[in-house]
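K.L.:
Reminder that position 166 of the sequence shown reads as 317 in my numbering, one-by-one numbering, no gaps. Structure provided below as structure tokens; questions to follow.
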Amino acid sequence: MIVAAKFSFNRGSIIEEKYPQLTNDITSIISEVDAESCRTKRSKEKTMANKILYAPAELNKKYSYEFESRGWASKRVRCDYPTSYYTAGYKAKPLRRGAYREIDYVKDRIGVEVQFGKYAFMVYNVCAKMTIFHNLGHIDYGIEIVPVKSLAEEMSTGVSYFEQFVWDLNHRGVSDIDIPVMIYGIDA
Numbered sequence: 152m153i154v155a156a157k158f159s160f161n162r163g164s165i166i167e168e169k170y171p172q173l174t175n176d177i178t179s180i181i182s183e184v185d186a187e188s189c190r191t192k193r194s195k196e197k198t199m200a201n202k203i204l205y206a207p208a209e210l211n212k213k214y215s216y217e218f219e220s221r222g223w224a225s226k227r228v229r230c231d232y233p234t235s236y237y238t239a240g241y242k243a244k245p246l247r248r249g250a251y252r253e254i255d256y257v258k259d260r261i262g263v264e265v266q267f268g269k270y271a272f273m274v275y276n277v278c279a280k281m282t283i284f285h286n287l288g289h290i291d292y293g294i295e296i297v298p299v300k301s302l303a304e305e306m307s308t309g310v311s312y313f314e315q316f317v318w319d320l321n322h323r324g325v326s327d328i329d330i331p332v333m334i335y336g337i338d339a
């Protein structure tokens, strides 16, 4: 795969300036992923009946192998959800134990998310999850890896893409809680 596009959100390009060895590592990881070997999903969708598509789950496995073999590790934080906000008289069911938030890969205070899912997950990763992991002291910067439109069109419908994501971030603007994030648009 290749990095086909880059977008610096909230001065995210500082990551490439301060950590060239890590961003080179990420670019190398991306280039090692053989996308064609993940073109295994037979579409059942009306608009693409029987077309062979890239399988996001298989792509994620390839990325996991490449990141983990280079010393990147996922990071989980436990979530203890408060109940003190419930209104008087509300009879809540017990909350499930073991809830957590997880970021795909962390190394040297850089957090990376690889996202082949719906649009909402891309926005959540950059505008919420990375800020949470920063506030908890685990990362200083983030990198979001997403498909460009031409790759997303070769996946199931509903997979979001770089161009849409960048347009929205540009029109949303930067908040004072946002951390610097580089967004890499990838293609096969």
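Using N, Cα and C, we set each Cβ at its ideal position, and we do this for glycine too. Remember, it's a predicted structure, so these values are computed and weren't measured experimentally.
1) Which residue wins for smallest C-alpha separation from Arg247, given the options Val277, Tyr232, Tyr237?
2) Within 10 angstroms of the Cβ of Ile296, are there 16 or more other Cβ atoms? Answer buried if so, exposed if not.
3) Does Glu183 come out as helix, strand or coil in the three-state DSSP assignment?
4) Expressed to the nearest angstrom, what Euclidean distance is found between the alpha-carbon atoms of Glu305 and Ile203?
5) Is it right to say Gln172 is buried, meaning 16 or more other beta carbons lie within 10 angstroms of its own, or is it exposed?
6) Please classify Cys189: is it buried, with 16 or more other beta-carbons within 10 angstroms of its beta-carbon, or exposed?
7) For Ile180 and Ile290, what's the separation of their Cα atoms in angstroms?
8) DSSP state of Leu287, grouped into three classes?
9) Which partner residues does Leu204 have in the DSSP bridge list?
10) Return yes when the Cβ of Met333 is within less than 8 Å of the Cβ of Lys157, no when it is not.
11) Per DSSP, which one or two residues make a beta bridge with Glu295?
12) To which residues of the same chain is Arg252 closer than 8 Å at the C-beta, ignoring the five residues directly before and after it?
13) How many angstroms separate the CA atom of Val317 from the CA atom of Gly324?
14) Taking just the CA atoms, how far does Glu209 sit from Asp259?
15) Could you give the DSSP three-state label for Asp329: helix, strand or coil?
16) Would you mind reading off the limits of the beta strand (DSSP E) that contains Val228?
17) Mind reading off the beta-carbon distance from Glu187 to Ser307? Whole number of angstroms is fine, and I expect it under 8 Å.
18) Measuring alpha carbon to alpha carbon, tell me which of Pro207, Ala243, Tyr241, Tyr256 ends up nearest Ser220.
19) Cutting at 6 Å between CB atoms, please list the residues of its own chain near Lys192, excluding the five before and the five after it.
P.N.:
Based on what the coordinates show:
1) Taking the sequence shown and counting its residues from 1, one reaches residue 247 at position 96. Checking every option, the nearest Cα to that of Arg247 belongs to Tyr232.
2) For the purposes of this step, residue 296 is identified with residue 145 of the sequence shown, where counting begins at 1. Taking all protein chains in view, the Cβ of Ile296 is crowded by 16 or more other Cβ atoms within 10 Å, so the residue is classified as buried.
3) Here the question's residue 183 lines up with position 32 in the sequence shown. In this structure, Glu183 counts as helix in the three-state DSSP scheme.
4) The residue labelled residue 305 in the question sits at position 154 within the sequence shown. The residue labelled residue 203 in the question sits at position 52 within the sequence shown. Separation of Glu305 and Ile203 (C-alpha to C-alpha, rounded to the nearest whole angstrom) is 8 Å.
5) Taking the first residue of the sequence shown as 1, we reach residue 172 at position 21. Exposed, since its Cβ has fewer than 16 Cβ neighbours within 10 Å.
6) Residue 189 sits at position 38 when you count from the first residue of the sequence shown. Buried.
7) Against the sequence shown, residue 180 aligns to sequence position 29. Against the sequence shown, residue 290 aligns to sequence position 139. If I take the Cα positions, the gap works out to 20 Å.
8) Within the sequence shown, residue 287 is the residue found at index 136, counting from 1. Reduced to three states, the DSSP call for Leu287 is coil.
9) Along the sequence shown, read from residue 1 onward, the residue named residue 204 stands at position 53. Leu204 is bridged to Lys192.
10) Here residue 157 refers to the residue found at position 6 when the sequence shown is read from its first residue. Here residue 333 refers to the residue found at position 182 when the sequence shown is read from its first residue. The answer is yes: Cβ separation under 8 Å.
11) To locate residue 295, count along the sequence shown from 1; it is residue 144. Under the DSSP definition of a beta bridge, Glu295 partners with Glu264, Ile334.
12) Residue mapping note: residue 252 aligns to position 101 of the sequence shown, counting from 1. So the qualifying residues of the chain are Arg227, Val228, Cys230, Lys280, Ile283, Phe284.
13) The residue given as residue 317 occupies position 166 in the sequence shown. The residue given as residue 324 occupies position 173 in the sequence shown. Approximately 11 Å between the Cα atoms of the pair.
14) As a first step, residue 259 must be located in the sequence shown, where it is residue number 108. As a first step, residue 209 must be located in the sequence shown, where it is residue number 58. About 27 Å.
15) Walking along the sequence shown from the start, residue 329 turns up at place 178. In this structure, Asp329 counts as coil in the three-state DSSP scheme.
16) One-based indexing of the sequence shown puts residue 228 at position 77. Where Val228 is concerned, the enclosing beta strand (DSSP E) stretches over 224-229.
17) Start at 1 with the first residue of the sequence shown, and residue 187 comes out as number 36. Start at 1 with the first residue of the sequence shown, and residue 307 comes out as number 156. With a contact defined as Cβ atoms closer than 8 Å, Glu187 and Ser307 miss out at about 17 Å.
18) Along the sequence shown, read from residue 1 onward, the residue named residue 220 stands at position 69. Nearest of Pro207, Ala243, Tyr241, Tyr256 to Ser220, Cα basis: Tyr256.
19) If you number the sequence shown from 1, residue 192 lands on position 41. If we look at Lys192 and ignore the five residues flanking it on each side, its Cβ neighbours are Leu204, Ala206.
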